[in-house]
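These notes are about the structure you will find just below.
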Amino acid sequence: MAATLHRARVGFVGVGFMGKGMAKNIMKKHNNPFQFTSLTVFDSQPQNTADLAQSAVAAFPLHVATSAADVAKRSDVVCLSLPSEDITR
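The sequence shown begins at 80 in the numbering used here and counts up one residue at a time.
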């Protein structure tokens, strides 16, 4: 069955300067009509994911992944916020 945004598990790769704010908005909107069920995050700088975990909304499941591949395995939809396209190669 194809995933839809309703009840979707969201993944986010890159939670630095810009990505952290976007990921926080996903957590804040967990009661929106889309009803995201969880957020899984990864960043090459562990401090970025640690900072995000400290600000997590208690009612919203946040998982810190060990790799971008781990994010993909745990998610229906994956968002990227990366400094350049070179990092994906």
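A virtual CB, placed ideally from N, CA and C, is assigned to each residue, including glycine.
Where residue i sits in the DSSP three-state scheme
| i | result |
| --- | --- |
| L159 | strand |
| T119 | strand |
Check: residue i C-beta below 7 Å from any heavy atom of the ligand GDP
| i | result |
| --- | --- |
| F115 | Looking for the ligand GDP in the displayed structure turns up nothing, as the structure carries no ligands at all. |
Exposure label - residue i; buried when at least 16 CB within 10 Å
| i | result |
| --- | --- |
| G100 | exposed |
| N127 | buried |
| A132 | exposed |
| F115 | buried |
| M97 | exposed |
| S134 | exposed |
| S154 | buried |
| A129 | exposed |
Cutoff 8 Å; reference residue i; Cβ partners in own chain excluding five residues on either side
| i | result |
| --- | --- |
| D149 | T119, F121 |
| P140 | T116, S117, L118 |
Residues near residue i in its chain [Cβ-Cβ closer than 7 Å; skip 5 each side]
| i | result |
| --- | --- |
| V157 | G90, V92, V150, A151 |
| I166 | none |
Sequence-distant residues of its chain with Cβ nearer than 6 Å to residue i (five each side left out)
| i | result |
| --- | --- |
| R86 | Q114, T116 |
| L161 | G93 |
Limits of the unbroken beta strand (DSSP E) element including residue i
| i | result |
| --- | --- |
| G169 | Past the boundaries of the shown model lies residue 169; the chain is included only from 80 to 168, so the question cannot be answered. |
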